[in-house]
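To keep things clear, I will list the structure first and then write my remarks on it.
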Amino acid sequence: MITLTVNGRVHRVDADPRTPLLYVLRGDLALNGAKFGCGLGQCGACTVVVDGKAVFSCLTPISVLEGRAVTTVEGLGTADDPGPLQRAFIAEQAAQCGYCIAGMVMRAHALLLKSPSPSETEIREQFAANLCRCGTHMRILAAVRRAAAEGRQASR
Amino acid sequence: MGRRLALILIGIVVLLAIAGVAAAWHPAIQPVAPPPPSSFDKKLVARGEFLARVGDCLTCHTAEGGRAFAGGLPLATPFGTIYGSNITPDPETGIGAWSEAAFRRAMRDGIDRGGRDLYPVFPYEHFAKLADEDVAALYAYMMTREPVRRATPPNQLPFPYDVRPLLAGWKLLFLDRRPVAHDASRSDEWNRGAYLTEALAHCGACHTPRNRLGAEEAASRHFAGGEAEGWWAPPLDASSPAPMPWSERTMVDYLRSWEPLHGGAAGPMAEVVDNLAHGVPEADIQAIATYVAPFMPPDSPDRAERTQAIAARTEPPGAPQPAGAVVYAGACAVCHESGGAVPYTVRSLAQHTTMVAPDPRNLLHVVLDGTHPPEGASGPIMPSFRDMLTEQQVADLVVYLRARFSDAPPWTDAPAIVHRLYSGRSGS
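Chains as they are written, first to last, in this note's numbering: chain A, 1 to 156; chain B, 1001 to 1428.
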């Protein structure tokens, strides 16, 4: 039995400790935001946040997560009540098929935690690990800039 | 009597001091107006570009994210930090006011235009062996680069290392200006490789151990292993501990991009490979391999068997290492146990020379920071695991990898090195 803290809630999961987090999120916890894209840490569709840092959940065995805080896109808001980052992505219509987008949102979340006013270079470097097959990159970048600007507004 | 002796001794000391100062004093060479790029013959510039690629000038003379050749890269040495200088043709902050004679003196004698001795982290003991026409070609290439105005930061060297005239003494001891000896009993290709390697590529600057005064150890210790920028540079000589054999062919493939027995270059060596990939003909890389490969130990069936046996293991012999085993199974195995199916992975981590290194630095750099090819190039893409794993989990993993994928003794200093490298940089 492994204890996982996801979006502030404690879960006890009966899974092999080697199981990557992605499969536990989707199979055991019904948190289907994170997606399987490649299973190799090469596409970013599985990106979640652990202790404030973006990681590939397809490569994170749950054994390493005891006592650490996992945040998924479901922890940032709901469809009825989206959080500020999700609202920025919606406002910029950053999703087309939606497959990459949960990973993109979590990558943005980790970036803004570390760097609330990121430069364009910083944003692009941060997102290098996340692929989008539909090509909505420009909108995703706009959403991140928007969220950063609105974050600065909110903190005034 | 005693007073006379004392006066004579003082006189000798004064004379020695004057001689020392005389040896260490070099005149400034008059500045020139920057020669217009069009004044250089295009073929000479092209030759200079080829030489600069083999010599890897770009890597030390460019800051991370900085403009080409504009300097600013900090190089950590046991004596302090030295910054790569701006060698663009900017007249004030670069070498734009340097005549060819000044450039030649820097390359051969390690003296800048103003007469200051240069630190041998700039490997002039190698460049001293360049042919005159090659120095001229390099000058033509450098003077036709884009000038960038960027002052080089001052070095951070404690006393007495900041006393440049002492370098004159260093040069007396260690600067061998003799050209690379031509060996008539060897092929033209070998001789060409010897020249390119020793006069230009300066492989020994990283791959040869250095003595207490920072000079490469000579003769029998040539290519016996060294380090560069916090990475271990493995031996290229008979003491090579590589689990997989090296040959001219595998060395050419490795230097070109990637090789299925050994993998690809990471860290500072990846920059060398990137330089060689631009405008260096295969024949020249072949020549370098023809010269360097014979230093390596001959292939032995014993070694091949040993490596195969280690690769066939599914766990470390002896104590089980459960913490590291679980991390490997969940985080690493999906790519590294694919039997080489995932592009740019070798069949078993047991093949990597990193596993038999004297310390875990190289392995930790790769685990903590990952690898990625230069923009636009194809190559291994490995994620960084610094953010996914805690410091303890990284240490457990590294201990496991060493135990499972090698028969070398456990790293005794692993926790300290993990601690230093883990807290070195933060990820995202």
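Virtual Cβ for every residue (Gly too), placed ideally from N, Cα, C.
Quiz item: So Y1083/B is in the beta strand (DSSP E); what residue range does that whole segment cover?
Solution: Unbroken beta strand (DSSP E) run through Y1083/B: 1080-1083.
Quiz item: Using Cβ-Cβ distances below 7 Å, what residues of the segment 1328-1342 of chain B are close to chain A?
Solution: Flagged, chain order: A1329, G1330, A1331, V1334, C1335, V1342.
Quiz item: What residues in its chain sit with their C-beta under 6 Å from that of A1228/B, if we drop five residues either side in the sequence?
Solution: Excluding residues within five positions, the ones whose Cβ falls inside 6 Å are C1206, P1268.
Quiz prompt | CB contact flag (G1114/B, W1258/B, <8 Å) | solution = W1258/B is positioned such that its CB atom lies no closer than 8 Å to that of G1114/B.
Quiz item: Using a beta-carbon distance below 8 Å, is V1399/B in contact with chain A?
Solution: No - not a single Cβ of chain A is within 8 Å of the one on V1399/B.
Quiz item: So what does DSSP say about M1382/B, is it helix, strand or coil?
Solution: Strand.
Self-check item: Residues bridged to P1074/B [DSSP beta-bridge criterion]
Solution: Per DSSP, Y1083/B.
Self-check item: Buried versus exposed call for W1246/B [16 or more other C-beta atoms within 10 Å across all chains shown]
Solution: Buried is the call here.
Quiz item: Does the Cβ of G135/A have 16 or more other Cβ atoms within 10 Å, making it buried, or fewer, making it exposed?
Solution: Under the 10 Å beta carbon count, G135/A is surrounded by fewer than 16 other beta carbons and is classified as exposed.
Quiz item: From the beta carbon of L1368/B, is the nearest beta carbon of chain A less than 8 Å away?
Solution: Residue contact check for L1368/B against chain A: no CB pair falls below 8 Å.
Exercise. Counting only the same chain and skipping the five closest in sequence on each side, list residues whose C-beta sits under 6 Å from that of S1426/B.
Key: In this prediction, S1426/B has a pLDDT of 41, which is less than 50 and means its spatial position is unreliable; what the coordinates show is noted afterwards. The beta carbon of S1426/B sits closer than 6 Å to none of the beta carbons in its chain outside the five residues before and after it.
Exercise. Could you tell me the distance, in whole angstroms, from the CA atom of R68/A to the CA atom of T5/A?
Key: Whole-angstrom Cα-Cα distance: 7 Å.
Exercise. Inspect the beta-carbon positions of V1121/B and I1087/B and report whether they are closer than 8 Å.
Key: No, Cβ-Cβ distance for V1121/B and I1087/B is not below 8 Å.
Exercise. Give the DSSP-derived three-state secondary structure of I1018/B in the structure shown.
Key: Residue state, collapsed to three classes: helix.
Exercise. Check the DSSP bridge columns for R1150/B and list the partner residues they point to.
Key: Note: R1150/B sits in no beta bridge, so no partner.
Exercise. Jot down the residue ranges of each uninterrupted alpha helix (DSSP H) in the segment 1141-1214 of chain B, minimum 4 residues, whole runs only, in chain order.
Key: Under the rule that a run must span 4 or more residues, the alpha helix (DSSP H) segments found entirely inside the segment 1141-1214 of chain B read 1166-1174, 1188-1195, 1204-1207.
Quiz item: Of all Cβ atoms in chain A, is any one closer than 8 Å to the Cβ of V1252/B?
Solution: So, not an interface residue.
Quiz item: If the cut is a Cβ gap below 9 Å, which residues of chain B does P20/A touch?
Solution: Residues of chain B passing the Cβ test: G1330, A1331, V1334.
Quiz item: Between P1034/B and G1110/B, what straight-line distance do the alpha-carbon atoms span, to the nearest angstrom?
Solution: Straight-line measurement puts the Cα of G1110/B at about 21 Å from the Cα of P1034/B.
Quiz item: Using the beta-carbon of each residue, which ones in chain B are nearer than 8 Å to P61/A?
Solution: Under a criterion of Cβ atoms nearer than 8 Å, the residues of chain B adjacent to P61/A are, in order, V1326, V1327, A1329, G1330, A1331.
Practice problem: Within 10 angstroms of the Cβ of Q1321/B, are there 16 or more other Cβ atoms? Answer buried if so, exposed if not. | Solution: With 16 or more other Cβ atoms within 10 Å, it is buried.
Quiz item: Is the shortest distance between the beta-carbon of L141/A and the beta-carbons of chain E less than 8 Å?
Solution: Going by chain labels, chain E is absent from the structure shown, which instead holds the protein chains A and B.
Exercise. Give a yes or no on contact between the segment 1168-1182 of chain B and the segment 1271-1282 of chain B, applying the rule of three or more CB pairs nearer than 8 Å.
Key: Touching, no.
Practice problem: Hey, could you find the ends of the alpha helix (DSSP H) F1122/B is sitting in? | Solution: F1122/B -> no alpha helix (DSSP H), and no H or E assigned at all.
Exercise. With F56/A as the anchor, note down where its beta strand (DSSP E) starts and where it stops.
Key: Here the beta strand (DSSP E) through F56/A covers 53-56.
Quiz item: So V49/A packs on A128/A, CB below 8 Å; how close in whole Å?
Solution: Not quite, the Cβ-Cβ distance comes to about 17 Å (not below 8 Å), so this is no contact.
Quiz item: Does the Cβ-Cβ distance between E1100/B and A1136/B come in under 8 Å?
Solution: Yes. Within cutoff.
Quiz item: Run through DSSP, which three-state label would A69/A get?
Solution: Three-state DSSP puts A69/A in a strand.
Quiz prompt | Per-residue burial, Q93/A [other beta carbons within 10 Å of its own, 16 or more giving buried] | solution = Residue environment analysis places Q93/A among the exposed positions, since fewer than 16 neighbouring C-beta atoms fall within 10 angstroms of its C-beta.
Exercise. Scan the segment 104-118 of chain A for residues whose Cβ lies nearer than 8 Å to a Cβ of chain B and list them as they occur along the chain.
Key: Going along the segment 104-118 of chain A in chain order, one finds R107, A110, L111, K114 with a Cβ nearer than 8 Å to chain B.
Quiz item: Using the rule of at least 16 other Cβ atoms within 10 Å of the residue's Cβ for burial, across every protein chain shown, is C97/A buried or exposed?
Solution: By the neighbour-count rule (16 or more Cβ atoms within 10 Å), C97/A is not buried but exposed.
Quiz item: Do A1266/B and V1418/B have their C-beta atoms within less than 8 Å of each other?
Solution: No, these two residues do not count as a Cβ contact at 8 Å.
Practice problem: Out of W1190/B, P1343/B, W1232/B, A1181/B, point me to the one whose CA is closest to D1284/B's CA. | Solution: Comparing Cα positions, the closest option is W1190/B.
Quiz prompt | Beta carbon of G41/A nearer than 8 Å to that of P1343/B | solution = Contact flag unset, no.
Practice problem: For R1113/B, name the three-state secondary structure that DSSP assigns. | Solution: R1113/B carries a coil assignment under DSSP once its states are collapsed to helix, strand and coil.
Exercise. Please decide whether A157/A counts as near chain B, where near means a Cβ-Cβ distance under 8 Å.
Key: Any question about residue 157/A goes unanswered here, given that chain A covers just 1 to 156.
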